[in-house]
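These notes are about the structure you will find just below.
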Amino acid sequence: MSPQTPTLHTPSLDSPDLPAMDAAAAALQLWDAVVIGAGPAGAMAALRLARQGARVLLVEKHRFPRPKVCGCCLNAAALELLAECGLADLTSRAGAQRLSAIELGVAGKTARLGLPTGAALSRERLDALLVGEAIAAGASFLPATAATVGPVEN
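Going by the numbering used here, the letters in the sequence shown line up with residues 4 to 157, in that order.
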């Protein structure tokens, strides 16, 4: 398998809310890691790599923060992972609602099930806070940029 390198295509949109890198400047730097996608998984990967001293570029095809139709429910394992990463307060900063139960209904009947712990919040807010944490840890952020992976040019 041959090495792959991302090709960056940036329109003239910048993120007004998060410090963003210029695509031309990003193309001139050597990166230890380029993370494509700034959702929760990408932002957490960039955060952890940056905390370990890696030169990280986090690339997102949309402007940030971006509207998301979906909400976000974090279960006990997700909350534990945030705490392990020093982000236990992230859900409160995001205005999350604590979850202790879920109610299911079908054919006029309902059942209430207790949950060990959880939080419900806006994906837009969660994503922006996680990207902000990655930036604070030293990652560089390149929003409004589509990345495609192709062969490395020598």
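Using N, Cα and C, we set each Cβ at its ideal position, and we do this for glycine too.
Could you check the C-alpha separation between residue i and residue j for me, to the nearest Å?
i	j	result
Val59	Pro119	35 Å
Ala46	Leu107	32 Å
Ser103	Gly40	31 Å
Glu136	Lys112	43 Å
Glu156	Ala81	39 Å
Arg101	Asp92	12 Å
Arg66	Ala110	42 Å
Val152	Arg69	23 Å
Asn78	Asp25	36 Å
Pro154	Ala30	16 Å
Ser95	Val134	16 Å
Ala48	Ala27	23 Å
Leu33	Ala57	11 Å
Ile105	Gln55	38 Å
Glu83	Leu116	21 Å
Asp35	Cys76	32 Å
Below 8 Å on the Cβ atoms is my contact criterion, and I expect residue i with residue j to pass it. Report the Cβ-Cβ distance as a whole number of Å.
i	j	result
Ala97	Leu129	6 Å
Leu50	Ala131	Not really, about 13 Å apart at Cβ, beyond 8 Å.
Ser125	Gly74	7 Å
Measure the CB-CB distance between residue i and residue j and report whether it falls below 8 Å.
i	j	result
Lys71	Glu127	yes
Ala99	Ala122	yes
Val37	Thr148	no
Ala140	Ala53	yes
Pro43	Ile138	no
State the beta-bridge partners of residue i as determined by DSSP.
i	result
Val59	Ala36
Arg101	Ala122
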